[in-house]
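Structure first, commentary second.
Number of protein chains: 2
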Amino acid sequence: MNQATRIPRGEARRRILDAALNVIRAQGYSATSVDDLCKAAGVTKGAFFHHFASKEELGVAAAQHWSDMTGGLFAGADYHRHADPLDRVLGYIDFRRDILAGEVSEFTCLVGTMVQEIYDTHPDLRAACNRTIASHVATLVEDIRQAREMHAPDADWSAESLAWHTQAVLQGAFILAKAKGGAAIAADSVRHLRRYVEMLFAEAPAE
Amino acid sequence: MNQATRIPRGEARRRILDAALNVIRAQGYSATSVDDLCKAAGVTKGAFFHHFASKEELGVAAAQHWSDMTGGLFAGADYHRHADPLDRVLGYIDFRRDILAGEVSEFTCLVGTMVQEIYDTHPDLRAACNRTIASHVATLVEDIRQAREMHAPDADWSAESLAWHTQAVLQGAFILAKAKGGAAIAADSVRHLRRYVEMLFAEAPAE
DNA sequence: TAAAAAATACCAACCAGTCGGTATGTTGTA
DNA sequence: TACAACATACCGACTGGTTGGTATTTTTTA
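Just so you know, the sequences run in chain order X and L.
Each residue of the first sequence is one higher than the one before, counting from 0 in numbering that gives the first Met the number 0.
Each residue of the second sequence is one higher than the one before, counting from 0 in numbering that gives the first Met the number 0.
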């Protein structure tokens, strides 16, 4: 009967992955059933298990899909245009703050949500989430390293550890936003993060 | 047959709550079934639903129980002995860092884990988690306010926002620890937080 | 027409929650 | 102080519905 709404052949997998991004961010991984995903994607269960051997495998693929989507978003953002690497780092932080708008489920992180629930019960999915976070961290490290060499070469912290710290602040900010029911508290935390980075690179040279 | 292992009358409720703290932190809220909780607590399903009208109501009670347990832990810690409020704030941060040891599920936060999953689907439980975090934040605000007045009265941030920021860092650090499978990365982030607080209160007066 | 892609129908295990009933107090009263 | 009346705590089999996953059939396209 609903021929008009039939989905084009070959698109089921992508539609399931796109649906997973939204549904899992709103409901969590465990509370999201395969049927929920099929309904949101507009496909049948048969199509689902044709493309994914299990729910966990979908989760792993969704983590990679999230990595691809957000990777494109950040790669295309224009904070990269700054000549000074510190401006690129601060531009990244500002970009993250600007994103904090609208519904909570729209700006929070898929892999942060998933790994919170499944880290001890689904090793492969945990590893996939870790890969996604680590690959995003890797895109920050080079700018931070350059900024450190230029502005704070003797600092007692590593570029890697600061890059991971930015992710800790963001992930924690998402949790507070979920608890309070709004983005404002998250933006406050990102502003503290910006101030911290400014101070790290503004310190007077050793006297 | 197992008369010896029968649990004393009146202890079922407490045992369920204690079990919930551990099981939910390890498996997440949604993935934890009522039967899981009953098994871990050594009680029957009948006892469970005698004390809690629903799984969500158990979650709400567990958030309060967590608040009571951790509230006692922090109230009894000896960073409160410092005369300078800044030392109390830094002592709190060090205390949080020292706690980061052992199994991930033993140092992570119950309400952070729960609210991540259920913020959009279980309003009462979300509110309970928010109350727990807010009440912990409240225990920090007074020390931060005093430290601010003493060391940085003209700062362009509020005591409340810094207190919430500490929780963002901690919650985010837990997520990274879950993703990476160890406490080390979390301790790194808490060290960044300490450095930030030190710098906030060490700034030279306006020139 | 062969093979991939998707739909349909179905299963056994499991889920949150219910129910009738028992064991163990606690309270009122003579 | 004895005992009836009642309340609380607990038990575990059971229910309707849902779960992740499978087996089979139909459709599409190369």
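Virtual Cβ for every residue (Gly too), placed ideally from N, Cα, C.
Everything numeric in this text was worked out from a predicted model, so none of it was measured.
Are there three or more Cβ pairs, one per stretch, closer than 8 angstroms when the stretch 130-144 of chain L is compared with the stretch 158-174 of chain L?
-> yes
Pull out every residue of the stretch 149-163 of chain X whose Cβ sits closer than 8 angstroms to any Cβ of chain L, in chain order.
-> Trp156, Ser160, Leu161, Trp163
Does DSSP put L/His135 in a helix, in a strand, or in coil?
-> Looking up residue 135 of chain L in the second sequence gives position 136. DSSP places L/His135 in helix when its eight states are reduced to three.
8 angstroms CB neighbourhood of L/Arg193 in its chain, flanking five on each side removed | The sequence position of residue 193 of chain L within the second sequence is 194, counting from 1. Same-chain partners within the cutoff: Leu89, Ile92, Asp93, Arg96.
Secondary structure at X/Phe51, three-state DSSP: helix, strand or coil?
-> Residue 51 of chain X sits at position 52 when you count from the first residue of the first sequence. Coil, per DSSP.
Ends of the alpha helix (DSSP H) at L/Gly111?
-> Taking the second sequence and counting its residues from 1, the one referred to as residue 111 of chain L is at position 112. L/Gly111 -> alpha helix (DSSP H) spans 109-117.
Would you kindly check if the distance between the Cβ of L/Arg13 and the Cβ of L/Thr112 is under 7 angstroms?
-> Here residue 112 of chain L is taken as the residue at index 113 of the second sequence, counted from 1. Here residue 13 of chain L is taken as the residue at index 14 of the second sequence, counted from 1. The answer is no: Cβ separation not under 7 angstroms.
Start and end residues, alpha helix (DSSP H) containing L/Ala178 | Residue 178 of chain L sits at position 179 when you count from the first residue of the second sequence. Its alpha helix (DSSP H) spans residues 158-179.
Span separating the alpha-carbon of X/Tyr195 from that of X/Arg144 | Locating residue 195 of chain X in the first sequence gives position 196, counting from the first residue. Locating residue 144 of chain X in the first sequence gives position 145, counting from the first residue. Roughly 16 angstroms separates the two Cα atoms.
Could you name the residues of chain X that L/Gln170 contacts, counting a contact when the two beta carbons are closer than 8 angstroms?
-> Residue 170 of chain L sits at position 171 when you count from the first residue of the second sequence. Per Cβ cutoff of 8 angstroms: Gln170, Gly171, Ile174, Leu175.
Length-filtered (4 minimum) alpha helix (DSSP H) runs lying within the stretch 21-92 of chain X | 33-40, 44-50, 54-75
The stretch 68-78 of chain X / the stretch 29-42 of chain X touching (three or more Cβ pairs under 8 angstroms) = no
Pick from L/His50, L/His49, L/Leu16, L/Ala52 that is closest to L/Leu36, judged by C-alpha positions = Stepping through the second sequence from its first residue, residue 36 of chain L is reached at position 37. It is L/Leu16.
What does L/Thr112 reach in chain X if we use C-beta pairs closer than 8 angstroms?
-> Against the second sequence, residue 112 of chain L aligns to sequence position 113. Gln115, Glu116, listed in chain order.
Considering L/Ala183, what are the terminal residues of the alpha helix (DSSP H) in which it resides?
-> Position 184 of the second sequence, counting from 1, holds the residue named residue 183 of chain L. First-last of the alpha helix (DSSP H) with L/Ala183: 183-201.
Can you give the beta carbon distance from L/Phe173 to L/Cys108, rounded, assuming they're within the 8 angstroms contact cut?
-> Taking the first residue of the second sequence as 1, we reach residue 173 of chain L at position 174. Taking the first residue of the second sequence as 1, we reach residue 108 of chain L at position 109. Indeed they touch by this definition, with Cβ atoms about 6 angstroms apart.
Straight-line CA distance for L/Leu124 to L/Gly180?
-> Counted from its first residue, the second sequence places residue 124 of chain L at position 125. Counted from its first residue, the second sequence places residue 180 of chain L at position 181. Taking the straight line from one Cα to the other gives about 27 angstroms.
Of the residues that make up the stretch 23-38 of chain X, which ones have a beta carbon closer than 7 angstroms to any beta carbon in chain L?
-> Ala25, Gln26, Gly27, Ser29, Ala30
Please confirm if L/Ser188 has its CB atom under 7 angstroms from at least one CB of chain X.
-> As a first step, residue 188 of chain L is located in the second sequence; it is residue number 189 there, counting from the start. Yes, L/Ser188 counts as interfacial toward chain X.
Where L/Leu124 sits in the DSSP three-state scheme = Sequence index remark: in the second sequence, residue 124 of chain L carries index 125 (1-based). Of the three classes helix, strand and coil, the one that applies to L/Leu124 here is helix, per DSSP.
Segment limits, alpha helix (DSSP H) that includes X/Glu105 = Taking the first sequence and counting its residues from 1, one reaches residue 105 of chain X at position 106. From DSSP, the alpha helix (DSSP H) with X/Glu105 extends over 103-106.
Taking only beta-carbon positions, decide if X/Lys179 is within less than 7 angstroms of chain L.
-> Within the first sequence, the letter at position 180 stands for residue 179 of chain X. So yes, X/Lys179 belongs to the interface.
Looking at the C-beta of L/Thr165, does it have a partner C-beta in chain X at a distance below 7 angstroms?
-> Against the second sequence, residue 165 of chain L aligns to sequence position 166. Proximity of L/Thr165 to chain X, defined by a Cβ-Cβ separation below 7 angstroms, is not satisfied.
Beta carbon of L/Leu99, beta carbon of L/Ala182: below 7 angstroms?
-> By one-based count along the second sequence, residue 99 of chain L stands at place 100. By one-based count along the second sequence, residue 182 of chain L stands at place 183. Yes, the pair counts as a contact, with Cβ atoms nearer than the cut-off.
Other residues of its chain near L/Val59: CB distance less than 7 angstroms, five sequence neighbours each side excluded | Residue mapping note: residue 59 of chain L aligns to position 60 of the second sequence, counting from 1. Taken in chain order, the residues that qualify are Asp123, Leu124, Ala127.
Note down, in chain order, each residue of its chain lying with its Cβ closer than 7 angstroms to the Cβ of X/Glu116, except the 5 sequence neighbours on either side.
-> By 1-based counting over the first sequence, the position of residue 116 of chain X is 117. Within its own chain, the residues whose Cβ lies closer than 7 angstroms to the Cβ of X/Glu116, once the five positions on either side in sequence are excluded, are Gly27, Tyr28, Ser29, listed in chain order.
Integer Cβ distance of L/Leu175 from L/Ala185, believed to fall under 8 angstroms = Here residue 175 of chain L corresponds to residue number 176 of the second sequence, with the count starting at 1. Here residue 185 of chain L corresponds to residue number 186 of the second sequence, with the count starting at 1. That pair is a contact at about 6 angstroms.
Quick one: does X/Met68 have its CB under 7 angstroms from some CB of chain L?
-> Residue numbering aside, residue 68 of chain X sits at position 69 when the first sequence is read from its first letter. Taking Cβ atoms only, chain L never reaches closer than 7 angstroms to X/Met68, which makes this a no.
Are there 16 or more other CB atoms within 10 angstroms of the CB of X/Ala201, so buried, or fewer, so exposed?
-> Here residue 201 of chain X is taken as the residue at index 202 of the first sequence, counted from 1. Exposed is the call here.
Grab me the residues of X/Trp156's own chain with a C-beta within less than 8 angstroms of its C-beta, minus the 5 sequence neighbours each way, in chain order.
-> In the first sequence, residue 156 of chain X corresponds to position 157, counting from 1. Within the same chain, X/Trp156 has close Cβ partners Leu199.
DSSP state of X/Leu16 mapped onto helix, strand, coil = The residue given as residue 16 of chain X occupies position 17 in the first sequence. Residue state, collapsed to three classes: helix.
Just the Cα atoms here: how many angstroms apart are L/Pro7 and L/Glu197?
-> For this step, residue 7 of chain L is matched to residue 8 along the second sequence. For this step, residue 197 of chain L is matched to residue 198 along the second sequence. Rounded to whole angstroms, L/Pro7 and L/Glu197 show a C-alpha spacing of 50 angstroms.
Can you list, in chain order, the residues of the stretch 118-129 of chain L whose Cβ is nearer than 8 angstroms to any Cβ on chain X?
-> Tyr118, Asp119, Thr120, Arg125, Cys128, Asn129
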